[in-house]
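So the structure is just underneath, and the comments pick up after that.
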Amino acid sequence: MAALLVVPAIVLSQLPGWAMLLLLGALVVLVRGWRLPQPVALELHAQTLTVTGQHTQVMERPLRVIRHGPWLAMQTPKGWLHVFEDQAPVAELQPFYQWLWTNREHS
15 MAALLVVPAI VLSQLPGWAM LLLLGALVVL VRGWRLPQPV ALELHAQTLT
65 VTGQHTQVME RPLRVIRHGP WLAMQTPKGW LHVFEDQAPV AELQPFYQWL
115 WTNREHS
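Residue numbers for the sequence shown follow our numbering, so the first one is 15 and each next one is one higher.
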């Protein structure tokens with residue numbers, strides 16, 4: 015989405031043609047190299063949830079959680095993490111759903 019805003023800004027800027035091509039090429043490389051961060055393992059402890067992926071994160075309270083069917087998205091201090099249907103069956107994720115529900119912050 016941000017790329018849609020950056021491309022017109024680069025094209026409409028008063029940079030030389032070679033600089034525009036260089037910036038557009040760098041933008042393409044960055045967009046193609048980006049991958050959605052996905053957790054490798056979830057560990058549930060009495061008071062914390064440990065999410066291991068590109069980074070290891072320990073959450074005492076979930077920030078925001080979106081659950082739609084078997085898909086789960088949770089906002090952590092380091093960004094959003096997604097667990098998809100093919101990564102774990104719903105039965106395995108049920109304890110995590112319960113922990114996220116009972117430890118949520120009430121607004």
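From the three backbone atoms N, C-alpha and C, an ideal C-beta is built for every residue, glycine too.
> Between which two residues does the alpha helix (DSSP H) harbouring Glu-106 extend?
Replying inline: 104 to 116 is the extent of the alpha helix (DSSP H) around Glu-106.
>> Could you tell me which whole beta strand (DSSP E) segments of length 3 or greater appear in the stretch 55 to 86?
In response: If we require 3 residues or more, the beta strand (DSSP E) runs fully inside the stretch 55 to 86 come out as 55 to 58, 63 to 66, 70 to 73 and 79 to 82.
> Using the C-alpha atoms, what's the distance from Trp-32 back to Leu-38?
Replying inline: Taking C-alpha positions only, Leu-38 is separated from Trp-32 by approximately 10 Å.
> Quick one: is Val-42 buried, meaning 16 or more other Cβ sit within 10 Å of its Cβ, or exposed?
Replying inline: With fewer than 16 Cβ atoms within 10 Å of its Cβ, Val-42 is classed as exposed.
> Taking Gln-52 as the reference, which of Leu-26, Thr-66 and His-59 has the closest Cα?
Replying inline: Ranking the options by Cα distance to Gln-52, first place goes to Thr-66.
>> Restricting to Cα atoms, I'd like to know which of Gly-93, Trp-48 and Pro-76 is closest to Leu-58.
In response: Taking each of Gly-93, Trp-48 and Pro-76 in turn and checking the Cα distance to Leu-58, the smallest one comes out for Pro-76.
>> At the level of alpha carbons, what is the spacing between Thr-90 and Ala-105?
In response: Note on geometry: alpha-carbon atoms of Thr-90 and Ala-105 lie some 23 Å from one another.
> For the alpha helix (DSSP H) that contains Leu-95, what are its first and last residues?
Replying inline: Per DSSP, Leu-95 lies in no alpha helix (DSSP H); the unbroken beta strand (DSSP E) holding it starts and ends at 93 to 97.
> Are there 16 or more other CB atoms within 10 angstroms of the CB of Trp-85, so buried, or fewer, so exposed?
Replying inline: Result: exposed.
> How about Leu-114 and Val-72: do their beta carbons lie closer than 8 Å?
Replying inline: No.
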